[in-house]
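Residue numbers (our numbering): 4 to 522.
#1: Look at the alpha carbon of residue 5 and the alpha carbon of residue 143, and state the distance between them as a whole number of angstroms.
#2: Count Cβ pairs between the segment 103-123 and the segment 281-291 that sit closer than 8 Å; are there 3 or more?
#3: Distance, Cα to Cα, residue 505 vs residue 393?
#4: Just checking my contact of residue 71 with residue 138 at CB under 8 Å: how many whole Å lie between their CB atoms?
#5: Tell me whether residue 462 sits in a helix, a strand or coil according to DSSP, three-state version.
#6: Under DSSP, the beta strand (DSSP E) around residue 275 begins and ends at which residues?
#7: Just to check my reading of the structure: residue 457 and residue 429 have Cβ atoms closer than 8 Å, yes? What is that Cβ distance to the nearest angstrom?
#8: Suppose you measure from the CA of residue 25 to the CA of residue 39; what does that come to, to the nearest Å?
#9: Is the segment 148-165 touching the segment 183-194, taking contact as three or more C-beta pairs under 8 Å?
#10: In the DSSP assignment, what are the bridge partners of residue 140?
#11: Could you pull out every unbroken alpha helix (DSSP H) segment of at least 4 residues lying fully inside the segment 79-160, listed in chain order?
#12: With the cut-off set at 8 Å, would you say residue 425 and residue 248 are in Cβ contact?
#13: Return the CA-CA distance between residue 473 and residue 44, expressed in angstroms with no decimal places.
#14: List the DSSP bridge partners of residue 378.
#15: Out of 64, 329, 208, which one is the CA nearest neighbour of residue 52?
#16: Any idea which residues DSSP pairs residue 331 with across the strands?
#17: Excluding the five sequence neighbours on either side, which residues of its own chain have a C-beta within less than 6 Å of the C-beta of residue 117, listed in chain order?
#18: Would DSSP call residue 193 helix, strand or coil?
#19: How about residue 60 and residue 355: are their beta carbons less than 8 Å apart?
#20: To the nearest angstrom, how far is it from the Cα of residue 439 to the Cα of residue 267?
#21: Starting from the Cα of residue 269, find the closest Cα among 406, 156, 121, 437 and give me that residue.
#22: Roughly how many whole angstroms lie between the Cα atoms of residue 363 and residue 264?
#23: Once you ignore the five residues that flank residue 316 on each side, which residues in its own chain have a CB closer than 8 Å to its CB?
#24: Can you check DSSP and say which residues form a bridge with residue 267?
#25: Can we say the segment 289-309 touches the segment 271-279, given the rule of at least three CB pairs closer than 8 Å?
#26: From residue 414 to residue 436, what does the alpha carbon distance come to, in whole angstroms?
#27: Please classify residue 450 as buried or exposed, where buried requires at least 16 neighbouring CB atoms within 10 angstroms.
#28: Taking the continuous beta strand (DSSP E) assigned at residue 181, which residues delimit it?
#29: Can you list, in chain order, the residues of its chain with a C-beta nearer than 6 Å to that of residue 32? Leave out the 5 residues immediately preceding and following it.
#30: Pop quiz: residue 360 and residue 310 are said to be a contact at Cβ under 8 Å. What is the actual Cβ separation, rounded to whole angstroms?
#31: Give the DSSP-derived three-state secondary structure of residue 43 in the structure shown.
#32: Quick one, which of 212, 279, 41, 353 has its alpha-carbon nearest residue 301's?
#33: Measure from the alpha carbon of residue 459 to the alpha carbon of each residue in 91, 482, 453, 342, then state which is nearest.
#34: So what's residue 167 in DSSP terms, helix, strand or just coil?
#35: In angstroms with no decimal places, state the Cα-to-Cα distance between residue 134 and residue 46.
#36: What does a CB cutoff of less than 6 Å around residue 374 pick up in its chain, not counting 5 residues either side in sequence?
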């Protein structure tokens, strides 16, 4: 993000990882604080398991690939004009970071016409087909986007037998699928300029099956956002003050690293990106994959359904050349709002094992000058970066962004850039108190804090909009100090609760006098 001079406008920064315990002192409507603690993911694949699955799937797909598939690819070049259009985004602020363009292909391909298929590779319908030993067939077509750093493909009018699956992979080891159960979808993203769509029919097609076909509608071409090399603390496309999150340890940065994801999605003619992170809920019996980002990143199910989330994207896990770790896809919008600039998503797939669902705190900290804040994010699509701030309400609020609805702070370590939007911000206890909107001020220098404030949507402001999802398992009431229950929902039971300090049942009495006792 360039800090273009504003006097009343806000610059959006967009890019656009113990048991869960929920506690409360009284209802939020009465001005009291509601809190939840962080919890580890209990579902999903461990990163090593994910990579092993990728390796096995890729090896199998390469063994199935018909000879000659790569000889005549469908070419969808990323031109200089396309790259300029990606960079020159004049959409009103705030906006997500534009990282790619959707190029139309419009090829309807009749893969199988109901006749036997020779085991010798044969060019057919843009691709190559061959029969298989099980009586089925495999068909594949290559797509190439010269000068693209990554690509994904939109398939529509998919008409296949129930015994046929679709896959998308490259020669570099990435492999996705099977895709099934939908007649249109976006594939996952592949790093690089080439991808292969492969259809595998397992066994002979059943009698009466209609000819099989699909349409390659369009290709999402990403510009050169992922590049080799690094300087200063992170990548050579980052400002020198951007800090590598892997250089920092302890809490809350470690939990934030395990909660944060780099996200991309298709909307209209463009590919966009942001940051965001996992949120815990209060249900001790289940784990719903809630994910918080900014409203100006995405706000509708139409875009959330093709959302991709890249987890554990660090300098040691892909680096500046792009993420290689676990990815998941798809989400639905549970709550969103322009005021407070928030979107709460429920992910379609669980995050990787070892992820952390962050706890949160509904207290209003927007006027708590000097309060420490912490953030992990993906500036300009780079690996995870770490930034710290202190709340500073002594600043003229930008137009339309009142203090209370938003939190103003000063950077004390690192900085944010385009692509950081939506990233979680926590207090010193590691509790989420908001997510990044952008910045406000008149300073042009990304690495100087004079006359510039970071701006976050305040969790306390919109808590009532998300509490129905995040805070559903506890109905707070005054603590009873002898019933073995957490009546006031603050995670402390009976005499362990500060509210019971003066209760006779919780006062220690040892006899005889001065005897050693354990209470």
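For glycine and all other residues, C-beta sits at the position ideal for the given N, C-alpha and C.
A quick look at the data gives this:
#1: With a pLDDT of 31 at residue 5, under the threshold of 50, the predicted position of this residue should be treated as unreliable, though the coordinate-derived value follows. Looking at the two C-alpha atoms, the distance is approximately 43 Å.
#2: no
#3: 36 Å
#4: That pair is no contact at about 22 Å.
#5: helix
#6: 273-282
#7: The pair is not a contact, with the Cβ atoms about 14 Å apart (cut-off 8 Å).
#8: With a pLDDT of 29 at residue 25, under the threshold of 50, the modelled position of this residue cannot be trusted; read the value that follows with caution. Computed Cα separation, rounded: 4 Å.
#9: yes
#10: 134, 204
#11: 83-90
#12: no
#13: 16 Å
#14: 390, 428
#15: 329
#16: 312
#17: 214
#18: strand
#19: no
#20: 16 Å
#21: 156
#22: 17 Å
#23: 264, 265, 326, 328, 381, 386, 387
#24: 276, 311
#25: yes
#26: 16 Å
#27: exposed
#28: 178-182
#29: Only weak support is given to the placement of residue 32: the predicted model assigns it a pLDDT of 45, under 50, and the value that follows is read from those uncertain coordinates. Excluding residues within five positions, none has a Cβ falling inside 6 Å.
#30: That belief does not hold up - the Cβ atoms of residue 360 and residue 310 are roughly 18 Å apart, past 8 Å.
#31: strand
#32: 279
#33: 342
#34: strand
#35: 38 Å
#36: 368, 394
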